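Worksheet for the structure shown next.
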Amino acid sequence: MSVDSPDPFKPATLGPVTLRNRVVKAATSEGRSPAGVVTDDLIDFHLAFAEGGVGMTTVAYCCVAPEGASAPGQIVMSDAALPGLRRLTDAVHGAGAAISAQLGHAG
Numbered sequence: 049m050s051v052d053s054p055d056p057f058k059p060a061t062l063g064p065v066t067l068r069n070r071v072v073k074a075a076t077s078e079g080r081s082p083a084g085v086v087t088d089d090l091i092d093f094h095l096a097f098a099e100g101g102v103g104m105t106t107v108a109y110c111c112v113a114p115e116g117a118s119a120p121g122q123i124v125m126s127d128a129a130l131p132g133l134r135r136l137t138d139a140v141h142g143a144g145a146a147i148s149a150q151l152g153h154a155g
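Below, the structure is given as structure tokens:
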């Protein structure tokens, strides 16, 4: 029995988004946002994966409310976080990759 599998290095679509390949960096506990907003360190972290060729990188555990954090250093989705999220998104897109976020509430 043979199974035809898609080539992981060819472009793929995910809903309305076209990924350059099927390689996705999963959410990992980064802890790089001590004030609850995106930092240059976090941008550099995800940019390294984007420049390395992943199709998409995933920002780990973004809290939907401050009381929903499960550990220190997580992004809190708020108006204050928006400019940094835009910088992060622009940097990753500039390197040819897509970006996603893991949303959560541990409260």
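So for the sequence shown, the numbering used here puts the first residue at 49; every next one is plus one.
Where is the CB? At the ideal position from N, CA and C, for every residue including glycine.
Values in this document were obtained by computation on a predicted structure and should not be read as measured data.
- DSSP places GLY152 in the uninterrupted beta strand (DSSP E) bounded by 146 to 152.
- One thing to note: VAL124 has its Cβ no nearer than 9 Å to the Cβ of VAL71.
- When beta bridges are read from the DSSP output, THR106 appears opposite SER148.
- Using a Cβ distance threshold of 9 Å, MET104 and SER148 count as a contacting pair.
- Burial state of ARG134 is exposed, judged by a 10 Å Cβ sphere holding fewer than 16 other Cβ atoms.
- The three-state secondary structure of THR137, taken from DSSP, is helix.
- Between the beta-carbon of ALA98 and that of GLY144 there is about 7 Å, and that keeps the pair under the 8 Å contact cut.
- A Cβ-Cβ contact shorter than 9 Å links ALA154 with CYS111.
- Between LYS58 and THR106, the CB-CB gap reaches or exceeds 9 Å.
- In the structure shown, ALA74 adopts coil according to DSSP, grouped into three states.
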